[in-house]
Structures are given as C-alpha cells and as structure tokens.
RNA sequence: CGGGGUGUAGCGCAGCUGGUAGCGCGCAGCGUUCGGGACGCUGAGGUCGGAGGUUCAAGUCCUCUCACCCCGACCA
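Numbering (this note's numbering), first residue to last: 292 to 708.
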C-alpha cells in the first residue's frame with residue numbers, strides 16, 4: 292500500500308472529547324473514524340488490523356472444529372420470549388424496530404437464541420453431535436453509556452462460538468479445548484503475558500464462567516490475580532469460599548484492573564430445554580443438547596492492544612496484527628532514492644511481505660513522526676545516501692537505534708532469503 | 001438513569017459588562033527549504049449545535065431541545 296494513495300491522514304490534534312487512549316491514537320493515526328458515541332468506522336489501516344485479528348481467531352476456531360457461519364442482525368421477538376429475554380426490563384441493551392407490517396424485530400446484541408433455534412433444523416440424533424459453529428458478527432447494543440473508545444461500543448465486532456454436545460463429558464472436552472485455543476489467540480495477538488483465565492459468575496447452570504482478562508488500566512473489571520498460577524478471580528465472585536474452593540491464597544493475590552477480552556459459558560441443557568432443542572440418544576431417549584457459548588470481543592481486543600502497546604510517539608503494533616510488517620520511508624524525490632525505494636517495494640511485495648510505502652513528497656520529520664504514530668514494527672528508510680551506498684536503513688519501532696543493512700540482510704530479517 | 005462539564009471553520013481553541021466573528025494547525029497557490037512534525041507571502045473556508053424568546057441590536061441574556069465527554073449505577 293502506498294501512502295500517496297491512502298485517503299486517510301494523520302493529525303496532530305485529536306478531538307478533545309475523546310479521552311480514551313486507544314481511540315485517540317487510532318483516530319490520530321487514521322485507523323478509525325468516530326461516527327457517534329460508541330460507534331466507530333474502520334478505515335483501511337484499521338480494517339487491516341481487524342482482519343489480521345480475525346484471521347488468527349479464525350485459524351484457532353477452525354483448528355478445534357469450529358464451523359464458520361454468519362447469522363442475521365434482524366431477530367425475531369418470539370425467539371427471545373422463549374428464553375424470557377425480549378423484555379427491556381430483562382435485557383436493557385435492546386435496539387428494536389418494526390417491520391412495515393408491524394411485526395417487532397430486535398437487532399442482534401447476541402445470537403445464542405437465534406443460532407440454537409436454527410440448529411434444531413440440523414440436530415435430531417446423537418449422530419449429529421457434536422456441532423460447533425461460530426461467526427464474526429457486528430453486535431448492536433444500546434449501551435446506557437458508551438466509553439473507553441472502541442473498548443465498549445454500541446456497535447462492535449464479536450466472534451461468538453456455540454457448542455452443541457451430546458453429554459457433559461463431551462461438552463467439557465470442547466470447553467477445555469476452547470480455553471486453550473483462546474489462550475493461543477491472546478498469545479498470538481501479543482497479549483499472552485498479560486491475559487489471564489479468570490473465574491467469574493456462572494449464571495443459572497454452573498457456578499463459574501471463565502473470562503479472559505487482560506491487565507489494563509483502561510479495563511472496567513477488577514480482578515484478583517495469582518501470577519504464578521496464571522489464574523484470577525473476578526471481583527464479583529471474590530469470596531473466602533471461592534478462594535478456598537480454587538485453592539488460592541489471599542496473600543498471593545494481586546488486585547488489578549483488567550479488560551475482559553473473552554468469556555466462555557456452560558449452559559448445560561437449560562437453554563436447549565427453553566428452546567426445545569433435543570436429540571435422540573443411542574438408547575432411544577430424548578435429551579436436551581448440552582450448550583456452551585464462547586465470545587471474543589474482536590474490536591475490544593484491538594483497543595486493548597493499543598492501550599497496551601503504545602508509547603509517547605504512537606502505537607507499537609505487535610508483529611502478528613500490524614497493518615503491515617514493513618514501513619518503507621523514502622526521503623526526498625531524488626531519482627536514485629525513488630529507484631531504490633520503488634524497487635524494494637516491488638521486491639518485498641513479491642515476497643509476500645505486507646508493506647506501507649511512504650512515497651509522499653514530505654519532509655523527513657513528518658514522515659518519521661507518521662511512521663512512529665502508525666506503529667508498524669519494522670521501518671526501512673531509503674534516501675539518496677542509502678541509494679549511493681546500496682544499503683537500507685533499518686530500525687525496529689521498539690528500538691532507538693538504526694542500522695545499515697544490505698538487501699540480503701534485510702530480506703533475511705523478514706524471513707525471506 | 002443520577003451528578004458534572006462542553007458545543008464557535010476539517011481539528012485544537014479565543015471571543016469581557018450584548019454593538020460588522022478571530023487565532024493556531026490543516027487545506028489551495030507561489031517561492032525558499034529538505035535526516036525527526038521548516039519558513040515567507042497570498043488565498044479559500046463559519047446560518048457560532050438546533051428551535052423559540054428578550055432587545056434597535058444576540059456567539060454573548062432567557063426558555064426549551066439535541067449531541068458529545070467525564071464520574072457513578074448498569075454491563076446474561
């Protein structure tokens with residue numbers, strides 16, 4: 292991608308009413324556009340990051356047997372009445388509207404009911420189980436108060452996965468597999484060291500649900516963390532009884548703010564009973580399907596990454612989700628520099644290395660400032676000097692020092708010989 | 001939903017006791033610059049969030065309203 296063709300631009304000033312660090316940096320660097328409170332558009336660079344995160348999640352979900360689908364945003368009233376969650380008194384984040392004929396519809400803030408109801412078409416025998424489906428969906432939630440930039444929006448992208456199992460044992464096996472897959476996701480996006488499995492309130496069926504909490508001052512949750520065991524307890528279930536049950540010692544726990552980037556629930560057969568999802572088991576008896584629900588807030592995760600990886604100059608993207616791997620900065624318009632930069636752009640592009648090429652006619656200081664703000668992990672500077680020396684100036688975003696490299700050394704650095 | 005704050009050019013802001021709407025950044029043109037957000041000159045850009053009212057006169061005063069931000073409550 293050439294910056295001369297990128298329609299977004301960086302700014303020196305940020306809207307004063309945006310206080311969340313993640314949104315300030317993302318707006319300033321041109322990754323997102325704020326449409327209204329809690330509602331953000333994703334621009335070319337932001338979309339790339341989002342898609343990179345989704346690709347990682349997709350890989351991990353497929354690896355444990357998830358099948359990707361995409362449900363609808365418009366949802367039927369009667370479905371939600373079956374689980375008693377249509378009433379605004381019961382669920383306060385509903386957006387609702389009416390069809391022309393007067394039929395009430397809701398805008399999906401979750402898809403459990405909908406997907407589970409749909410699965411009735413496909414699950415009737417133990418032979419049809421297990422089934423695990425997931426989607427990336429834009430959830431619409433009429434939050435009383437949006438805040439923290441893209442970390443708590445009224446419209447946001449979530450990956451939600453639902454598991455349908457024959458038995459508690461089968462369910463538990465998948466539940467554990469999801470836990471491991473989630474940990475791999477957070478590891479791969481760069482938050483592995485600061486993200487912890489956290490015990491939280493479980494709802495009607497189980498005592499606990501499990502959250503994946505990333506330590507962050509911008510988070511809304513308070514957790515008690517045992518760093519050694521890599522386990523935490525959410526404030527909402529932080530009692531002596533629970534600690535004893537989990538064999539956690541109060542003295543070893545650290546109280547920290549954290550952002551919930553994922554959560555997983557077991558529903559047992561309760562929701563299936565409500566929605567009339569039964570299967571016939573081997574012995575001929577009808578049993579409710581055992582249901583699990585697993586979510587990762589994709590856009591929130593992106594916000595948490597920005598909160599975690601930034602310095603006074605801008606964002607510092609982890610390698611795996613950066614909008615590009617290499618930021619090529621060309622200084623000056625001299626023929627030799629243009630030639631060297633254009634050529635490197637072609638070579639890296641051909642080698643499958645994503646690259647953001649700053650080919651704009653601007654002063655060096657502005658280009659460096661933009662490169663730091665945008666936060667791509669590897670920066671290569673090309674100028675008349677490097678062209679004459681036939682070298683490339685390389686600097687990691689995280690480093691203060693640059694080095695002169697040959698093309699071969701550069702390609703090797705990016706894993707291409 | 002309770003409390004507090006803010007709406008003036010794309011962004012950041014100034015505009016006192018009412019009297020012809022300004023500055024910086026950004027943008028356009030010309031010139032000088034060119035390795036960490038250069039500089040000079042010229043120029044474009046605003047129904048002052050909206051509606052109503054008071055007044056000879058409203059960005060400024062009054063009423064209502066909308067939006068945004070912060071704190072709290074809420075967040076299966």
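Virtual Cβ for every residue (Gly too), placed ideally from N, Cα, C.
**Message:** Using CA atoms only, rank isn't needed, just tell me which of 462, 552, 445, 431 is closest to residue 483.
**Reply:** Here residue 483 refers to the residue found at position 192 when the first chain is read from its first residue. Checked all of 462, 552, 445, 431; the closest Cα to residue 483 is 552.
**Request:** Report back the beta-carbon spacing between residue 320 and residue 301 to the nearest angstrom; my notes put them in contact at under 8 angstroms.
**Result:** Stepping through the first chain from its first residue, residue 320 is reached at position 29. Stepping through the first chain from its first residue, residue 301 is reached at position 10. Taking a contact as a CB-CB distance under 8 angstroms, the pair residue 320 and residue 301 counts as one, their CB atoms being some 6 angstroms apart.
**Prompt:** If we ignore side chains and look at the alpha-carbon of each, how far apart do residue 564 and residue 581 end up?
**Reply:** Taking the first chain and counting its residues from 1, one reaches residue 564 at position 273. Taking the first chain and counting its residues from 1, one reaches residue 581 at position 290. C-alpha separation (whole angstroms): 10 angstroms.
**Asked** Smallest Cα separation from residue 420: which of 454, 618, 427, 430?
**Response** Start at 1 with the first residue of the first chain, and residue 420 comes out as number 129. That would be 454, whose Cα lies nearest to the Cα of residue 420.
**Item:** Secondary structure, alpha helix (DSSP H): runs of 4+ residues fully inside the region 401 to 458
**Value:** Whole alpha helix (DSSP H) segments, 4+ residues: 403 to 410.
**Reduced DSSP secondary structure (H/G/I, E/B, other) of residue 717** = Residue 717 lies beyond the residue range present for the chain, which begins at 292 and ends at 708; the question has no answer from this structure.
**Inter-residue Cα distance where the pair is residue 344 and residue 574** = Mapped onto the first chain, residue 344 falls at position 53. Mapped onto the first chain, residue 574 falls at position 283. Rounded to the nearest angstrom, the two C-alpha atoms are 43 angstroms apart.
**Message:** Quick check for students: name the residue ranges of the beta strand (DSSP E) that lie wholly in the region 575 to 607, counting only runs of 3 or more.
**Reply:** As far as the region 575 to 607 is concerned, its whole beta strand (DSSP E) runs of at least 3 residues are 577 to 579, 581 to 588.
**Nearest neighbour of residue 491, chosen from 607, 374, 533 [CA to CA]** = For the purposes of this step, residue 491 is identified with residue 200 of the first chain, where counting begins at 1. Distance check between residue 491 and each of 607, 374, 533 places 533 closest, using alpha-carbon atoms only.
**Request:** Determine the DSSP secondary structure at residue 495, reduced to helix, strand or coil.
**Result:** The residue given as residue 495 occupies position 204 in the first chain. Assigned with DSSP and collapsed to three states, residue 495 falls in coil, not helix or strand.
**Asked** Thinking just about the alpha-carbon of each residue, which of 578, 556, 572 is nearest to the one in residue 566?
**Response** Counting from 1 along the first chain, the entry for residue 566 is found at position 275. Taking only the C-alpha atoms, the option nearest residue 566 is 578.
**Item:** Between the CA atoms of residue 437 and residue 513 - distance to the nearest angstrom
**Value:** Translated into the one-based positions of the first chain, residue 513 becomes position 222. Translated into the one-based positions of the first chain, residue 437 becomes position 146. Distance between the alpha carbons of residue 513 and residue 437: 19 angstroms.
**Prompt:** By Cβ distance, which residues of its chain are closer than 6 angstroms to residue 239, with the 5 residues on each side in sequence left out?
**Reply:** Past the boundaries of the shown model lies residue 239; the chain is included only from 292 to 708, so the question cannot be answered.
**Message:** Counting C-beta neighbours from all protein chains within 10 Å, is the total for residue 312 16 or more, i.e. buried, or is it exposed?
**Reply:** Here residue 312 refers to the residue found at position 21 of the first chain. Counting every other CB atom within 10 Å of its CB across the protein chains shown gives residue 312 a total of 16 or more, marking it as buried.
**Asked** What residue range is occupied by the uninterrupted beta strand (DSSP E) comprising residue 363?
**Response** Position 72 of the first chain, counted from the start, is the residue given in the question as residue 363. Run containing residue 363: none; DSSP gives neither H nor E here.
**Request:** Check whether the Cβ atoms of residue 634 and residue 652 lie closer than 7 angstroms to each other.
**Result:** The residue given as residue 634 occupies position 343 in the first chain. The residue given as residue 652 occupies position 361 in the first chain. The Cβ atoms of residue 634 and residue 652 lie no closer than 7 angstroms to each other.
**Asked** Quick one: any contact between the region 657 to 675 and the region 608 to 625, if contact means 3 or more CB pairs under 8 angstroms?
**Response** Taking 8 angstroms as the limit for Cβ pairs, the verdict is that the region 608 to 625 does touch the region 657 to 675.
**Request:** Could you please give the first and the last residue of the uninterrupted alpha helix (DSSP H) stretch that includes residue 658?
**Result:** Residue mapping note: residue 658 aligns to position 367 of the first chain, counting from 1. Where residue 658 is concerned, the enclosing alpha helix (DSSP H) stretches over 655 to 665.
**Segments of 3+ residues assigned as beta strand (DSSP E) that fall wholly inside the region 491 to 561** = Residue ranges of uninterrupted beta strand (DSSP E) with 3 or more members, entirely inside the region 491 to 561 and ordered along the chain, are 499 to 506, 512 to 517, 522 to 525, 545 to 559.
**Prompt:** In this structure, does DSSP put residue 375 in helix, strand or coil?
**Reply:** As a first step, residue 375 is located in the first chain; it is residue number 84 there, counting from the start. Coil.
**Message:** With a threshold of 8 angstroms on Cβ separation, who are the neighbours of residue 675 within its own chain once the five nearest residues in sequence on each side are excluded?
**Reply:** As a position in the first chain, residue 675 is number 384, starting the count at 1. Hits under 8 angstroms: 622, 623, 625, 627, 628.
**Where the beta strand (DSSP E) through residue 696 begins and ends** = If you number the first chain from 1, residue 696 lands on position 405. From DSSP, the beta strand (DSSP E) with residue 696 extends over 694 to 696.
**Asked** If we count the other Cβ atoms within 10 Å of its Cβ and call it buried at 16 or more, is residue 298 buried or exposed?
**Response** Position 7 of the first chain holds residue 298. Looking at its Cβ environment, which holds fewer than 16 other Cβ atoms inside 10 Å, residue 298 is exposed.
**Request:** Compare the C-alpha of residue 604 against each of 642, 641, 688 and name the closest.
**Result:** Walking along the first chain from the start, residue 604 turns up at place 313. That would be 688, whose Cα lies nearest to the Cα of residue 604.
**Prompt:** What number of angstroms, rounded off, separates the C-alpha of residue 661 from the C-alpha of residue 294?
**Reply:** The sequence position of residue 661 within the first chain is 370, counting from 1. The sequence position of residue 294 within the first chain is 3, counting from 1. Going from the Cα of residue 661 to the Cα of residue 294 covers about 11 angstroms.
**Request:** Check whether the Cβ atoms of residue 416 and residue 570 sit closer than 7 angstroms, and answer yes or no.
**Result:** Here residue 416 corresponds to residue number 125 of the first chain, with the count starting at 1. Here residue 570 corresponds to residue number 279 of the first chain, with the count starting at 1. Yes.
**Asked** Out of 597, 496, 638, which has the shortest C-alpha to C-alpha gap to residue 561?
**Response** Sequence index remark: in the first chain, residue 561 carries index 270 (1-based). Among 597, 496, 638, the Cα nearest to that of residue 561 is on 496.
**Item:** Residue span of the alpha helix (DSSP H) that contains residue 317, given as start and end
**Value:** Residue 317 sits at position 26 when you count from the first residue of the first chain. 312 to 319 is the extent of the alpha helix (DSSP H) around residue 317.
**Request:** Taking all protein chains shown into account, decide if residue 663 is buried (16 or more other Cβ within 10 angstroms of its Cβ) or exposed.
**Result:** Here residue 663 corresponds to residue number 372 of the first chain, with the count starting at 1. Using a 10 angstroms sphere on the CB of residue 663, the tally of other CB atoms reaches 16 or more, which defines it as buried.
**Message:** Please return the same chain residues whose Cβ sits closer than 8 angstroms to the Cβ of residue 431, not counting the five positions on each side in sequence.
**Reply:** Translated into positions along the first chain, residue 431 becomes position 140. Around residue 431, the same chain offers 364, 386, 398, 399, 400, 445, 446 as residues with beta carbons nearer than 8 angstroms, after the five sequence neighbours per side are excluded.
**Prompt:** According to DSSP, is residue 355 helix, strand or coil?
**Reply:** As a working mapping, residue 355 is identified with position 64 in the first chain. Coil at residue 355, not helix or strand.
**Asked** Any idea what DSSP makes of residue 344, helix, strand or coil?
**Response** Here residue 344 refers to the residue found at position 53 when the first chain is read from its first residue. Helix at residue 344.
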